[in-house]
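Here is the structure we will look at, set down as structure tokens.
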């Protein structure tokens, strides 16, 4: 039986070259990089090489602007809490309704328990941010704006550069959760107004447990973790040497494959999407067709349950997702689809297919071949589906694009 891994927005396979490179650092070159002796100093040099690689991937001017963390969530939390700590008189935060739980959960906590006012900016049917609502929320009371670079479920890319410049006019800091964007689209932080940016290694073929936070040079910063002098005193704790070295190599490889990601991977994604939609009625793709990550396809199959689709896909060797891996335990439709006002009958049957540079044409064709009969099988069992099609229809809704 063939198989296809289509859940790369949840996590990617560690590239074999990355794995081969880091293995000796578990058993041979295991010195503490903060130690004075050469056994640790040599490892420390590899960490700085990795920092330079991440610097190049992000288009960062100074290597001192890169802080290694444990994951995207830590980077997100650090950025927001730092901005609030250095601006105690500003008691407002702006974010979007479709952010990752790493942002939304923290904002909810700050609102409920710390007395901050949080502005949640809505999106439209394509998942595009309301710039009118954003402009209205901006004021000199806002400490930080945190907007994702690209949505993890639909792939919709936000106009973060424009939003960052608007924040600057009010004296607010701007942070972006770019976990899904880094390695997929070209970034140039030297020419950006963004103050802070989060990334995570396991989204670009490095291991889990390593991330980074970009902090623009000159941006006031308050560390979340205190202790040792690691990361120039900005993130305490013994460095995750294997993770950092892996992230550095993964950054080099992501930069090397950037054109491939935006041509070949994009073409495979489009082939997958078109192939499924051509065979399955009452199905549509979600997100902004003009401003979307090249690897991501969110497809809603009306009148059936996404969990059942995933189960049957898994039986034929296909791994996909019903949304964010951090929220997939919920039986409710994703908060992203609800915010986009996708009808209940479609939101429940939404599947995210996310490709990578390792995805093959054969895998895409396998998904195209297997998905339509699975949908047909489940619709025969659906109480909303009759012999001639849907029993209930939502006439107020028209697919945003086909």
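Numbering (the working numbering), first residue to last: 432 to 833.
Glycine included, C-beta positions come from ideal geometry on N, C-alpha and C.
Range covered by the alpha helix (DSSP H) that runs through residue i
i, result
"residue 470", "469 to 489"
"residue 541", "532 to 544"
"residue 642", "Residue 642 -> not in any alpha helix (DSSP H); beta strand (DSSP E) instead, spanning 642 to 646."
"residue 650", "Here residue 650 belongs to no alpha helix (DSSP H), and DSSP marks it neither H nor E."
"residue 444", "Residue 444 -> no alpha helix (DSSP H), and no H or E assigned at all."
"residue 770", "766 to 770"
Collapsed DSSP secondary structure at residue i in the structure displayed
i, result
"residue 684", "helix"
"residue 461", "coil"
"residue 730", "strand"
"residue 455", "helix"
"residue 634", "helix"
"residue 676", "helix"
"residue 549", "strand"
"residue 818", "coil"
"residue 393", "In the structure as shown, the chain begins at 432 and stops at 833. Residue 393 is therefore absent and cannot be evaluated."
"residue 776", "helix"
"residue 759", "Note that residue 759 scores 49 on pLDDT, short of 50, meaning its location in the model is unreliable; the coordinates nonetheless yield the value given after this. Residue state, collapsed to three classes: coil."
"residue 666", "coil"
"residue 516", "helix"
"residue 783", "strand"
"residue 466", "coil"
"residue 753", "coil"
Cβ-Cβ separation, residue j to residue i (assumed contact under 8 Å), whole Å
i, j, result
"residue 478", "residue 672", "6 Å"
"residue 729", "residue 781", "6 Å"
"residue 635", "residue 681", "5 Å"
"residue 526", "residue 577", "5 Å"
"residue 572", "residue 523", "5 Å"
"residue 732", "residue 714", "5 Å"
"residue 574", "residue 518", "4 Å"
"residue 618", "residue 490", "6 Å"
"residue 482", "residue 473", "Actually they are not in contact, since the Cβ atoms of residue 482 and residue 473 sit about 15 Å apart, beyond 8 Å."
"residue 642", "residue 630", "6 Å"
"residue 608", "residue 531", "6 Å"
"residue 485", "residue 679", "6 Å"
"residue 549", "residue 538", "5 Å"
"residue 789", "residue 448", "12 Å between Cβ atoms; not a contact."
"residue 734", "residue 821", "6 Å"
Residue range of the beta strand (DSSP E) that includes residue i
i, result
"residue 627", "627 to 631"
"residue 523", "523 to 527"
"residue 500", "497 to 500"
Residue i: CB within 7 Å of a non-hydrogen atom of the ligand GDP
i, result
"residue 710", "Looking at this structure, you won't find the ligand GDP or any other ligand, since it has none at all."
Using 8 Å as the threshold, is the region 747 to 754 in touch with the region 436 to 449, meaning 3 or more CB pairs across them? yes
Enumerated in chain order, which unbroken segments of the alpha helix (DSSP H) with a length of 4 residues or greater are wholly contained in the region 551 to 616? 562 to 568 and 591 to 600
Three or more C-beta pairs below 8 Å linking the region 607 to 621 and the region 710 to 725: yes
What are the uninterrupted segments assigned as alpha helix (DSSP H) that are 4 or more residues long and contained completely in the region 786 to 814, given in chain order? 792 to 812
With contact counted as at least three CB pairs below 8 Å, one residue from each stretch, are the region 510 to 517 and the region 645 to 660 in contact? yes
Can you confirm whether the region 503 to 510 touches the region 694 to 706 when touching is taken to mean that 3 or more C-beta pairs between the two stretches lie within less than 8 Å? no
Per the contact definition of three or more C-beta pairs closer than 8 Å, is the region 487 to 501 in contact with the region 556 to 576? no
Taking the runs of the alpha helix (DSSP H) that are 4 residues or longer, which of them lie wholly in the region 689 to 742? 697 to 708
Within the chosen definition, does the region 444 to 459 reach the region 792 to 812 through at least 3 CB pairs nearer than 8 Å? no
contact_flag[the region 620 to 638, the region 590 to 603] where n(CB pairs < 8 Å) is 3 or more: yes
With contact counted as at least three CB pairs below 8 Å, one residue from each stretch, are the region 765 to 782 and the region 580 to 589 in contact? yes
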